[in-house]
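With our numbering, letter number 30 in the sequence shown gets 150, and the count goes up by one each step, no holes. Ideal Cβ positions, reconstructed from N, Cα and C, are used throughout, including at glycine. For reference, the structure discussed in these notes is given below.
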Amino acid sequence: MSVRNLEALFRPASVAVIGASDRAGSIGALVMRNLLQGGFAGPVWPVNPKRDTVARLRAWAGVGQLPQAPDLAIICTPAPTVPGLVAELGRKGTRAAVVLTAGLKAAQRPGGPTLEQAMLDAARPHLLRILGPNCVGLLVPGVGLNASFAHLAARPGRLAFVSQSGALATAMLDWSDARGIGFSHFISLGDSADVDFGDVLDYLGSDAGTRAILMYVESVKHARKFMSAARAAARNKPVLVVKAGRAPEGARAAASHTGALAGSDAVFDAAVRRAGMLRVLTLEDLFDAAETLAHAQPLHGERLAIVTNGGGAGVLAADALSVAGGALAPLAAATLQRLDAALPATWSHANPVDIIGDAPVERYTAALQALLEAPEADAVLFMHAPTAVVPSPEIADACLPLMRAAAKPVLTCWLGGTAVAPARAACAEAGVPTYETPERAAQAFLHLVQYRRNQEALLQAPTAGGDGAAPDVAAARALLEAALADGRDELNETEAKALLAAYGVPVVATRSVPGTEAALAAAAEIGYPVVLKILSPQISHKSDVGGVALDLGSAAELQQAADAMLARVARLRPDAHVAGFTVQAMVRRPRAHELIVGLASDAVFGPVVLFGQGGTAVEVVADRAIALPPLNTNLAADLVGRTRVARLLAGYRDRSPADLRAVHEAMVKVSQMACDLPQLAELDINPLLADEHGVLALDARVKLQPAQGAVPLAIRPYPAQLEEPVQLGGEAVLLRPIRPEDEPLLRSLYASATPEEMRLRFFLARREVPRSELARYSQIDYDRDMTFVAVAPAHGEAGLLGEVRSVCDPDGEQAEFSIQVRHGWQGQGIGRLLLSKLLRYLRERGVRRLVGQCLPANDAMVALARGLGFESRRHPVEDVVLLQLELRH
């Protein structure tokens, strides 16, 4: 249900406490104490059938006796009572409840549903939202709401904290209170039976009082909902995550290397990266990162300059940066010359810039100004250790104006305690991030770097398709369905390579044969030298049993290899059924790199793409990175760049660079398989050879699953099935969803508009639409948003004739639309075509209502809307016309 009725949860006008008590130490007493001491302005109604008063307030015998329906109910009663209470509250008109009670996983009756399910069933008819069960509750300091049994109140602030762990939530409350950290919302999700991370992200992402969202995550239930909400929230403000369970899992049994390597924590990491959030390792990092991202200027590169009055501190920061993969800015000649003029001859003459411990204020400001104006430095870390030369507050007073005016991020590190406390306080008050140690300061810069990369990935909402010829999806599906119909859950090697070939991945010619004689015939046809491999459904990793023979140059060598292979398999794997051999041409590409590209299916996030260094030791080397499909070439390049083998692919010494474009295209094609073929459970291409001549798949392994049991993609790919060719005045026009690569076409569409057309579209005078806005318009989340465009290919860049876009609320109940037709094409039916297609789409999606606004002068828009059944009326206050169409009744 997402944000439905969450306003009643987080900003209630009245609260009832079911199970309120005066018994010391009871949950009901603690909740009453917290509510009354928190300063909540609305009425608080304790419910207790055995007491006339609780906490000196009149007590009510039951929900039915309450004077009116409370916006929010807090339930503290035993587990068996909860479903009935929720049903009663729903009938009363309550729309939100916090269920603190634990134990609802138990069955309501032997063989029946759990108490938790009964609670949800009771809530559903009334759209009553439930936080918990088994949670600490929630605190919203801005409205004086402490609906929890926490031992402390939260300070007011602009950070939201959301936790699945109740114990960690109370510890965090204690920890943050000691450090003076305040919150807009402090939420304990508990078992997340109803309200989960996706719901809370949707609500907090658009909450004006929340500057950043901090989350402690143990598990995610609904991946697509989580990803859609996270991507929407991360476009508005920093979303930071700490997740439990980072330790590597034990190797699980898997038919492929990919299945063994793609651990769930690595998949969660990939999801965070793709959603534009930032994952940090510790709770301390969580608040450091929130401080950094909330206050620092946007980062436009990844090179850090360090200025310090102590060489040792600078080295510590540089070491921490280097070990974590960060980059120091190499100082340009002009910057060095400028620093030489301002600093003594004994300065470090390099980055970190050590201005020497006896530095007066003027030396600090000169060095800082030089680095702030150095184009080769993307950010500056200012470090100071206290000396007797100049008090730290004086240095802060002189440098803070420069830091506040800087166009690049400035981080500070004031080393020490009492002596530098005023300088730290001055930085905090000025909104300049500050840290106590060089290592934490370096880590904070790396948070900026990673956040920047993740935000760039967030702008990628790629198509499911790759470059080049369209894949033969029908042939691929037929191949997989035939194998499943035979009762098999794996393809043999020949079938696996046929699957790759259907998607345009280059493969070496391979023949499956039933025995030695047929292998000899196949080798004669292919031409020597050849490779011989054992063919057995029970043997996934052939090299483990000596089931691969390379570079066989004659029939005699092949006969000898086949006999020896059969003998070894009989001895080592007597349980294995040998179906024959595969014979393939021996590929001689001695300087090629062995890579692995694969697919695996995560139980929560569905298909994931893996890339790394391949070969037989792939698990030992463990050089791999993971991403969520769908991928485009930019995302594939980012995936490659996160591995060690990427440096080898770039070329070294006399070894030429590999054809990276071919590598990226192969990964995009594998990603498209994940989008098209839910029957794929696991896929290995190992090795995928890569050199300057391109890529070639030497071996492939495919594990299957029934399509109906597959976990869906966490990110909805480009919905190609919505493309619709039409004729417009004798010209071929394609109505289709917008694609990320349409950004230049969209820019041309808006550039063609007259000033009056732009005013009618955007309700204000504007000459152009900035690139950030164009990216947001063309790179959409197809699960919530939809934009249809009318494209006439014959007109080139001017061929985008119009667009209609809709944005659904997170509940999918109501969508808002806007429309634009290219200048010179109005009055030819394009707007009606686009809006009619949008209406069909939204009806199929189950959206209840479509709304929009236009200026009173936009007669054409009003006429178009009325012609399609919209109601129109003037807004009672604002100078706009409201448009509304009920899509289902």
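Asked                                                                                                                                                                        : Found
Quick one: what's got a C-beta closer than 6 Å to residue 1073's C-beta in the same chain, skipping five residues either side?                                               : No statement about residue 1073 is possible, as the shown extent of the chain runs from 121 to 1009 and does not include it.
Hey, could you find the ends of the alpha helix (DSSP H) residue 706 is sitting in?                                                                                          : First-last for residue 706: undefined, no H or E at that position.
Run the CB neighbour count on residue 702, radius 10 Å, all protein chains shown included, and call it buried at 16 or more, exposed below.                                  : buried
Considering only C-alpha positions, which residue in the set 471, 493, 477 and 527 is nearest to residue 512?                                                                : 477
Give the straight-line distance between the Cα atoms of residue 360 and residue 883, rounded to the nearest whole angstrom.                                                  : 35 Å
Mind pulling the beta strand (DSSP E) runs of 3 or more residues that sit fully within the segment 258-305?                                                                  : 265-268 and 275-283
By DSSP, does residue 474 sit in helix, in strand, or in coil?                                                                                                               : strand
From this set, 936, 953, 929 and 901, which residue's C-alpha is nearest residue 921's C-alpha?                                                                              : 953
Would residue 435 and residue 492 qualify as a contact pair, given that the criterion is a beta-carbon distance under 9 Å?                                                   : no
On the DSSP bridge assignment, give the partners of residue 816 in chain order.                                                                                              : 809
In whole angstroms, give me the CA-to-CA distance for residue 296 and residue 889.                                                                                           : 42 Å
So what does DSSP say about residue 423, is it helix, strand or coil?                                                                                                        : strand
Could you give the residue range of the beta strand (DSSP E) that holds residue 531?                                                                                         : 530-534
From which residue to which residue does the alpha helix (DSSP H) around residue 637 run?                                                                                    : 636-646
Throw me the rounded Cβ distance for the residue 198 and residue 165 pair, which I believe falls under 8 Å.                                                                  : Residue 198 to residue 165, Cβ: 20 Å. No contact.
Counting C-beta neighbours from all protein chains within 10 Å, is the total for residue 645 16 or more, i.e. buried, or is it exposed?                                      : exposed
Bridge partners of residue 905, per DSSP?                                                                                                                                    : 927
For residue 586, I'd like the list of residues in its chain whose CB is within less than 7 Å of its CB, leaving aside the five on either flank, ordered along the chain.     : Low per-residue confidence applies at residue 586: pLDDT is 47, beneath 50, and the placement is therefore not dependable enough to give any value.
Looking at the structure shown, is residue 326 part of a helix, part of a strand, or coil, going by DSSP?                                                                    : coil
Taking only the alpha-carbon atoms, compute the straight-line gap between residue 335 and residue 232 and give it to the nearest angstrom.                                   : 34 Å
Residue range of the alpha helix (DSSP H) that residue 833 falls in?                                                                                                         : Looking at the DSSP string, residue 833 is not in any alpha helix (DSSP H), and its letter there is neither H nor E.
Given a cut-off of 9 Å, decide if residue 137 and residue 126 are closer than it, judged by their beta-carbon atoms.                                                         : no
Just grab the DSSP bridge partners of residue 1069 for me.                                                                                                                   : Limits of the chain in this structure are 121 at one end and 1009 at the other, which puts residue 1069 out of reach.
Mapping the DSSP letters down to three states, classify residue 804 as helix, strand or coil.                                                                                : strand
What are the uninterrupted segments assigned as alpha helix (DSSP H) that are 4 or more residues long and contained completely in the segment 948-996, given in chain order? : 950-965 and 979-987
What three-state label does DSSP hand residue 1015 in the structure shown?                                                                                                   : Residue coverage of the chain in this structure runs from 121 to 1009, which leaves residue 1015 outside it and unanswerable.
Let's see if you can read the secondary structure: which residues bound the alpha helix (DSSP H) around residue 787?                                                         : 780-796
Hey, out of 659, 706, 684 and 246, whose CA is closest to residue 671's CA?                                                                                                  : 706
For residue 241, does the count of other Cβ atoms within 10 angstroms reach 16, so buried, or fall short, so exposed?                                                        : exposed
Can you tell me whether residue 719 is helix, strand or coil according to DSSP?                                                                                              : strand
Can you tell me the Cβ-Cβ gap for residue 320 and residue 267, rounded? I've got them flagged as a contact below 8 Å.                                                        : Contact flag wrong, Cβ pair sits at about 15 Å.
By the DSSP assignment, the beta strand (DSSP E) with residue 224 in it spans what residues?                                                                                 : Counting along the chain, residue 224 falls outside any beta strand (DSSP E), and DSSP gives it neither H nor E.
With C-beta atoms as the reference, is residue 1016 less than 9 Å away from residue 908?                                                                                     : Lying outside 121 to 1009, the shown extent of the chain, residue 1016 is not represented and no answer is given.
Helix, strand or coil for residue 999 per DSSP?                                                                                                                              : coil
Residues in the same chain with beta-carbon distance under 6 Å from residue 777, minus the five sequence neighbours each way, listed in chain order, please.                 : 770 and 771
Can you tell me where the alpha helix (DSSP H) holding residue 731 begins and where it ends?                                                                                 : Run containing residue 731: none in the alpha helix (DSSP H); it sits in the beta strand (DSSP E), 726-733.
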